[in-house]
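Student: Below is a structure I'd like to ask you about.
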Amino acid sequence: MRKISVLLFLAWVGFLFYAGIALFTSGFLLTRLELTNHSSCQEPPGPGSLPWGSRGEPGACWMASRFSRLVLVLIDALRFDFAQPQLSHVSGEPPISLPFLGKLGFLQRILEIQPHHARLYQSKVDPPTTTMQRLKALTTGSLPTFIDAGSNFASYAIAEDNLVKQLTSTGRRVVFMGDETWNDLFPGAFSQAFFFPSFDVRDLHTVDNGILEHLYPTMDSGEWDVLITHFLGVDHCGHKHGPHHPEMAKKLSQMDQVIQGLVERLENDTLLVVTGDHGMTTSGNHGGDSELETSAALFLYSPTALFPSAPPEEPEVIPQISIVPTLALLLGLPIPFGNIGEVIAEVFSEVEDSQPHSSTLAQASALHLNAQQVSRFLHTYSTAAQDLQVKELHRLQHLFSKASADYQRLLQSPQGAEAALQTVITELQQFLRGVRAMCIESWARFSLVRMAGGAALLAATCFLCLLVSQWATSPGFYFRPLLIPMAGGLTGAVVCAGLLATTGLKLDSVVLGAMAAVGSLLPFLWKAWAGWGAKRPLAALLPMPGPVLLLLLIRFAGFFSDSFVIAEARAAPFLLISLILLLVAQLHWEGKLLPPKLLTIPRLGFLTPAGPPRHNGTHALGLGVGLLLCIRLAGLFHRCPEETPACSSSPWLSPLASMVGGRAKNVWYGACVGALAALLAAVRLWLRRYGNLKSPEPPVLFVRWGLPLMGLGTAAYWALASGADEAPPRLRALVAGASVMLPRAVAGLAASGLMLLLWRPVTVLVKAAAGAPRTRTVLTPFSGPPTSQADLDYVVPQIYRHMQEEFRGRLERTKSQGPLMVAAYQLGSVYSAAMVTALTLLAFPLLLLHAERISLVFLLLFLQSFLLLHLLAAGIPITTPGPFTVPWQAVSAWAFMATQTFYSTGHQPVFPAIHWHAAFVGVPEGHDFTWLSALLVGTNTFASHILFAVGCPLLLLWPFLCESQGPRKRRQPPGNEAEARARPEEEEEPLMEMRLRDAPHHFNAALLQLGLKYLFVLGIQILACALAASILRRHLMVWKVFAPKFIFEAMGFIVSSVGLCLGIALVMRVDGAVSSWFRQLVLAQQKAGEQSSLVYTGAGSSAREAQSHLLPPCSQDLLASGTSLFYNSKS
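When we follow our numbering, the leftmost residue of the sequence shown carries the number 124, and every step to the right adds one.
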């Protein structure tokens, strides 16, 4: 019952945190209202006559079409500088040679040869720079909100008015070929379509080659009005290799040939548009709002003259959504209803008319139609939603009314009004740009009530963790009160929600969840505070040492600084190193490094543990130095934030496939395999040192044989992945199949090992035989056989006494068969062995999701954890029979190390730094498992959170495990003192983790306290992020820094809380299995009906001593059943 209570309470606390996160998120990351209105030719956008160019035209819409056909070439991630020529060498400066420069040579020649037919623009993209959001913007002219970035894994049909819908509603034949995302956004909209799987970023050619197979035959057939192609090779090359790889030059050269082939086939009534949906960072990723990500190329070309003048020296910068109203009017379509983009005015000039007045009037007409459409949208939107700024809205409407009146007046007398037309054009452009700026600011709307409620719920839950974690160590603590208020509050919340539902009030699931959380939290806090907290001073509720509290406060305050968040990859190791130095200083002050008289500095609030030290000074100091060295080495694997251009990311984060040199690749591959072998060897040596590797249990057999197979599978996968592009063509299918099956095999083996561990978690060696119980062991001060007379003099008396006792026992027994004799080894490390085995099995699938060289970081991770656990164990006392506690400095250091490992594995709390390649590990090409890809990417991102959360119970177990380093003198049983003096002085075999079973109540309370402390440390981090995001919600960096940080911290907390519960559940499963193991011995002996006495050996203890130290609930039954038990912590 205690175990279930602990797990249920931790799950309930996690639910409270989840409810607070969800409530805050619903107020902070709201999506804008999407209108379903549609524009049509029958409904002009506003009052007044249509432009002069559409009067009397048969079939004319808002404006007469200038082109009857359109070829739209979308090259994913075509950054603006990809379209730039190779810069000429300037004398005195080193030449600039970048693989991507000058590869679109045909495009540059067109711009030089036909300046009135072609134009290159720098398209400014609105964040988030993810493909689905950019496609929405390119077709609707609207601004997808920040939270839409999460939909990039699952695209849904666009409900807003868009260009594709306008084309199909007017009977145009739209043909598409390329990225299958368009099928999700526009289902059934194309007269002919060739969709290709797009999610495998390792595949550079399938989509592009598929397009080229159908592109030119489709153009030559003439059975199309609009032809849309979406090439993915450039984007995938950036994700896989980065923009500076030679493969990028090949891809851009291929796109240049595509453009040349299209231009040669264009007819006079066809417009060619080549554009990128977004750019990419120097590492090839995208999703954020850096300059390189938001800069895309836009190229327009027509066989007939389109522009009245030559292009400027520097290409003009235009918003990306400007392409939507421009294409709509050029094709004679209504502008989509929700568009807020501004037309590119110069393409509406009358090139053939030499009169400048005609060109200016044409531009003014297009801008006026555009402004009318935007004004109509503003009126409709402001009526349906109240999130636009009222004052700014009125100002813009007044500006539009004035410009529209001036325009209508000029239409009545068009001659001699060039200056007035320019003024009207300027006013219309100011209106359109003002609307866009207002929408960008207003659609970052917040619900302050929900944000405050979510932050308050998070703060209350943190206080709950602090209160109960201290309550759990009090003498009067018991588990039943944990569940009564919780169950009552949840019941009341459910009843309240039911009443609200029956009365017809509409509440979303987030509000209902928050109501349930508050309804269960308040009664519990009231009862806990009234019954325990109010009786103690506030200082007793915050018993953590002063230095630890100071470090936590520094970390809490740091989340309010964008500079700290950006530089957290350096700040987190600094805080961890500071805490480690404090731990070493604590050991010194407690006399465990040097004599305390050499240092008289106060102890800064650290608690002094009782009991003799178990480590000498050199050992503890070596642990600290080794830990600092590992942290420093792990810091070499870092990814620089985009906001620090002076910083250069570690080249070791990229996969081996991106390396050019074959010899260097082989050297790195050998180092990665060496790190993998070292990790396996370290785990096996640790299990062997504590004797658990000798157990015949299935999990141990799996460790012996399954782990090497997993290591071989991982190494083989790395070899195939790093050389897949170099494989012969006839073997590529085989390599591709093996690259899919090997990760699945490793993951399957890991899952099998975990299932075996859950089935038989007790990794002990049991020996049973019929015969007399052995009451003595021969202890020697030397190893091996005797080599001198002194050794023989020490051993022979013991052997003689042992023979006497054996002979005396046989005379006393009857002739019947002797009792059952059971020897159990490795019980002293049974919990830790299961935890280390589980963590190793988890590490292999997580390692496969990272680049090969991250294996070195994983090796450092395990080494860091080992050193930190030993260093922490040096300062944690073992109190028998309880209560057992884990100090705050241990929990804080563990949480800091999880954060430090997050950055050391190449992650950053921003969307462009997400390792998208993890979505394709073990997944075949052309798959449709979107949920699986999202799961793989999430697992890769939060791998450090998973490992440290699952391994958190080691903080409680490790000090008992380290007891074996300090054996103690055996207590002599009462009896003949002369005989006791005659016996040689023996050492008591340390009970190690079996001491936890001396007091099951304190064991479970310690697990509860550990879980609550870890959740508290993580909870104050998510609370700080929430408060920073709410207070700084109008900060310039809110969407670039604070919002992504909050999202990553929230997801990391959810992953960590689940992992923590799983880790504690594993410890409880082992504990239950140990109890069941002893219970089975009792039942077996009762059935046999044998009688003998309980004998506890391996340390020379008597039977009655064993009864008081081993398993109180079971040892009484064992003693009554006559089972002989030999216990030992090591073989």
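All C-beta atoms in this analysis are idealised placements derived from N, C-alpha and C, irrespective of residue type, glycine included.
Leu130 by DSSP, collapsed to three states: which one?
Tutor: In this structure, Leu130 counts as helix in the three-state DSSP scheme.
Student: With DSSP as the reference, label Val1033 as helix, strand or coil.
Tutor: If DSSP states are grouped into helix, strand and coil, Val1033 belongs with coil.
Student: Based on the DSSP output, what are the partners of Thr398 in its beta bridges?
Tutor: Answer is Leu197 and Leu421.
Student: CB-CB under 7 Å to Ile1177, same chain, minus the five flanking residues each way: which ones, in chain order?
Tutor: Excluding positions up to five away in sequence, the list reads Tyr141.
Student: Would you mind reading off the limits of the alpha helix (DSSP H) that contains Ser1153?
Tutor: Taken as a continuous stretch (DSSP letters only), the alpha helix (DSSP H) holding Ser1153 covers Pro1123 to Ile1154.
Student: Return the bridge partner residues of Gln245 from the DSSP annotation.
Tutor: Looking at the DSSP assignment, Gln245 forms a beta bridge with Ala420 and Val440.
Student: Taking DSSP as the reference, what is the three-state secondary structure of Gln509?
Tutor: The answer is coil: DSSP assigns Gln509 none of H, G, I, E or B.
Student: Please list the terminal residues of the continuous beta strand (DSSP E) segment that includes Val349.
Tutor: Taken as a continuous stretch (DSSP letters only), the beta strand (DSSP E) holding Val349 covers Val349 to Phe354.
Student: Short check: CB of Thr262 to CB of Val287, under 8 Å?
Tutor: Against a cut-off of 8 Å, the Cβ pair of Val287 and Thr262 comes out as a contact.
Student: State the DSSP-derived secondary structure class of Met878, mapped to helix, strand or coil.
Tutor: DSSP places Met878 in helix when its eight states are reduced to three.
Student: Buried or exposed for Thr625, please, with buried defined as at least 16 other CB atoms from any protein chain shown within 10 angstroms of its CB.
Tutor: Its Cβ having fewer than 16 others within 10 Å, Thr625 is exposed.
Student: Cβ atoms of Phe313 and Gly301: under 8 Å apart, would you say?
Tutor: Result no, Cβ atoms of Gly301 and Phe313 do not sit closer than 8 Å.
Student: Cα-Cα, which of Leu234, Trp305 and Asn160 is closest to Gln256?
Tutor: Nearest C-alpha to Gln256: Trp305.
Student: Hey, how far is the Cα of Lys1092 from the Cα of Cys795?
Tutor: Any reading at Lys1092 must be qualified, since the residue scores a pLDDT of 47, below 50, and its modelled position is unreliable; the value itself is stated next. The alpha-carbon atoms of Lys1092 and Cys795 are separated by roughly 46 Å.
Student: Assuming Val302 is part of the beta strand (DSSP E), what are its boundary residues?
Tutor: The residue you asked about is not Val; residue 302 is Asp in the sequence shown. Start and end: Val297 to Asp302.
Student: Mind checking Pro1032: buried by the 16 CB within 10 Å criterion, or exposed?
Tutor: It is buried - the Cβ of Pro1032 has at least 16 other Cβ atoms within 10 Å.
Student: Between the alpha carbons of Ala543 and Ser773, how many angstroms are there, rounded?
Tutor: Their backbone Cα atoms lie some 58 Å apart in a straight line.
Student: Under three-state DSSP, which class holds Ser163?
Tutor: Three-state DSSP puts Ser163 in a strand.
Student: If you reduce the DSSP assignment to three classes, tell me which class Ala316 lands in.
Tutor: Three-state DSSP puts Ala316 in a strand.
Student: Applying the criterion that 16 or more other CB atoms from any shown protein chain within 10 Å of the CB defines a buried residue, is Ser413 buried or exposed?
Tutor: Buried.
Student: Do Leu1080 and Ala743 have their CB atoms nearer than 8 Å?
Tutor: Not in contact: Leu1080 and Ala743 (Cβ atoms no closer than 8 Å).
Student: Using the Cβ count rule (16 or more neighbours within 10 Å means buried), how would you classify Ile977?
Tutor: It counts as buried.
Student: Under 6 Å Cβ to Cβ from Pro208, same chain only, skipping five residues before and after it: list those, please.
Tutor: So the list reads Gly225 and Gln231, once near-sequence residues are dropped.
Student: Report yes if the CB atom of Gly1045 is closer than 8 Å to the CB atom of Pro866, and no otherwise.
Tutor: Closer than 8 Å, so yes.
Student: For Glu1108, count neighbouring C-beta atoms within 10 Å of its own C-beta (all shown protein chains included) and say buried if the count is 16 or more, exposed if not.
Tutor: Note that Glu1108 has pLDDT 46, beneath the 50 cutoff, so the model's placement of it is unreliable and no number is given.
Student: Just checking Ala583 against the ligand NAP - is the residue's beta carbon closer than 7 Å to any of the ligand's heavy atoms?
Tutor: Questions concerning the ligand NAP fall outside what the structure shown contains, since it holds no ligand whatsoever.
Student: Go ahead and pull the three-state DSSP assignment for Thr886.
Tutor: In the structure shown, Thr886 sits in coil (DSSP, three-state: anything other than H, G, I, E or B).
Student: Relative to the alpha-carbon of Val248, which residue among Gly410, Leu139 and Glu166 has its alpha-carbon at the smallest distance?
Tutor: Nearest of Gly410, Leu139 and Glu166 to Val248, Cα basis: Gly410.
Student: Are the beta-carbon atoms belonging to Phe487 and Val547 less than 8 Å from one another?
Tutor: Correcting the residue type first, residue 487 is Ala in the shown sequence and not Phe. A contact, by the Cβ cut-off of 8 Å.
Student: Please report the distance separating the alpha-carbon of Ala206 from that of Leu752.
Tutor: Their Cα atoms are separated by approximately 46 Å.
Student: Once DSSP output is grouped into helix, strand and coil, what is the label at Thr393?
Tutor: The answer is strand: DSSP assigns Thr393 an E or B state.
Student: If we ignore side chains and look at the alpha-carbon of each, how far apart do Leu385 and Lys1163 end up?
Tutor: Near 39 Å, if we compare the C-alpha coordinates of Lys1163 and Leu385.
Student: Measuring CA to CA, which of Leu335, Ala282 and Ser265 is closest to Leu308?
Tutor: It is Ala282 whose Cα lies nearest to the Cα of Leu308.
Student: Check for me: the alpha helix (DSSP H) holding Thr449 runs from which residue to which?
Tutor: Note, Thr449: alpha helix (DSSP H), Ile446 to Leu453.
Student: Are Leu243 and Thr398 closer than 8 Å when you measure CB to CB?
Tutor: Against a cut-off of 8 Å, the Cβ pair of Thr398 and Leu243 comes out as no contact.
Student: Does Arg518 come out as helix, strand or coil in the three-state DSSP assignment?
Tutor: It is helical.
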